[in-house]
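Please read the structure below before turning to the comments.
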Ligand SMILES: Nc1ncnc2c1ncn2[C@@H]1O[C@H](COP(=O)(O)OP(=O)(O)O)[C@@H](O)[C@H]1O
Ligand SMILES: [Mg+2]
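Numbering (the working numbering), first residue to last: 20 to 263.
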């Protein structure tokens, strides 16, 4: 189980996260929804230490990290628990599909090349892209690049996968293939935290939904609770705008 407590983050005067606390059970899929600029990406980035939070703790099965007091070793340990799937894929453009996954395994897991290659091949197959093994990102569609991004994140076998609007840069017809891969991960009980604007998908795939606004969690509950019975007029308004 992952417990996140009281995360604060400011950029200068701008308060972006004002005390975020939540927990994610093993095998759970938690979606984060909410308007732009409310700190959703910053929150995910703090979990993976791509951003340095000002305050807060994260614990993985009781192994606790104090985000205000991190050193090189604890940063490395914290990062090893999660892996991120980015909106803009963040693949190395000068490396092939398989090399992108392998390099990550070699860097994060200190795997030897042979084991990294076999592992990368396995995850390429999982996302249905074995035949694109030696293609460069520029030779792949956005949807295929994102599936490589997902394979790269899965390959390190993280405790939790963090998705930051994984489909928002994609054309509508490509979105469904990426969502299918994420759905399969959910069925396989991969623990995930997903920032998304795909409301129908969030509702269908999530065990829990967080609505974030102004650097805080305004509501946290089952999809049914948040999507159908929210007591917050603000959430009902946001959802009705998203449906249009
Ligand atoms: N590196 C940064 N420096 C300064 N401000 C930032 C930085 N990253 C994000 N912000 C600001 O923090 C706020 C929250 O951003 P973000 O976490 O990207 O929101 P969301 O993902 O919900 O759209 C925004 O006002 C954004 O402009
Ligand atoms: Mg964002």
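Think of the CB as a built atom: it goes at the ideal place given N, C-alpha and C, for glycine as much as any other residue.
Quick caveat: nothing in here was measured; it's all calculated off a predicted structure.
Bridge partner(s) assigned by DSSP for residue i
i           : result
residue 103 : 181
residue 231 : 236
residue 41  : 23
residue 30  : 33
Residue j beta carbon less than 8 Å from that of residue i
i           : j           : result
residue 229 : residue 179 : no
residue 208 : residue 49  : no
residue 28  : residue 76  : no
residue 152 : residue 143 : yes
residue 224 : residue 202 : yes
residue 158 : residue 108 : no
residue 167 : residue 221 : no
residue 183 : residue 127 : no
residue 74  : residue 25  : yes
residue 174 : residue 139 : yes
residue 171 : residue 125 : no
residue 147 : residue 197 : no
residue 42  : residue 23  : yes
residue 160 : residue 193 : yes
residue 249 : residue 238 : yes
residue 181 : residue 102 : yes
residue 234 : residue 55  : no
residue 85  : residue 20  : no
residue 214 : residue 39  : no
residue 106 : residue 177 : no
Cβ neighbour criterion (16 or more within 10 Å) applied to residue i
i           : result
residue 100 : buried
residue 91  : exposed
residue 199 : exposed
residue 156 : buried
residue 231 : buried
residue 112 : exposed
residue 59  : buried
residue 261 : exposed
residue 46  : exposed
residue 31  : exposed
residue 53  : buried
residue 191 : exposed
residue 118 : buried
residue 137 : exposed
residue 217 : buried
residue 72  : buried
residue 123 : buried
residue 87  : exposed
residue 33  : exposed
residue 264 : The structure shown has nothing for residue 264, since the chain only spans 20 to 263.
is_contact[residue i, chain C] using C-beta, thresh 8 Å
i           : result
residue 209 : Given the protein chain composition of this structure (a single chain), no chain C is represented.
Enclosing beta strand (DSSP E) for residue i [first to last residue]
i           : result
residue 212 : 211–214
residue 82  : 82–85
residue 50  : 48–52
residue 78  : 74–79
Boundaries (first-last residue) of the alpha helix (DSSP H) holding residue i
i           : result
residue 257 : 252–262
residue 224 : 218–224
residue 186 : Note, residue 186: premise wrong, no alpha helix (DSSP H); not H, not E.
residue 145 : 132–145
residue 245 : 242–247
residue 317 : In the structure as shown, the chain begins at 20 and stops at 263. Residue 317 is therefore absent and cannot be evaluated.
residue 165 : 161–174
Residues whose Cβ lies closer than 5 Å to any heavy atom of ligand 1, in chain order: Listed by chain position, these are 30, 35, 55, 56, 57, 58, 59, 60 and 61.
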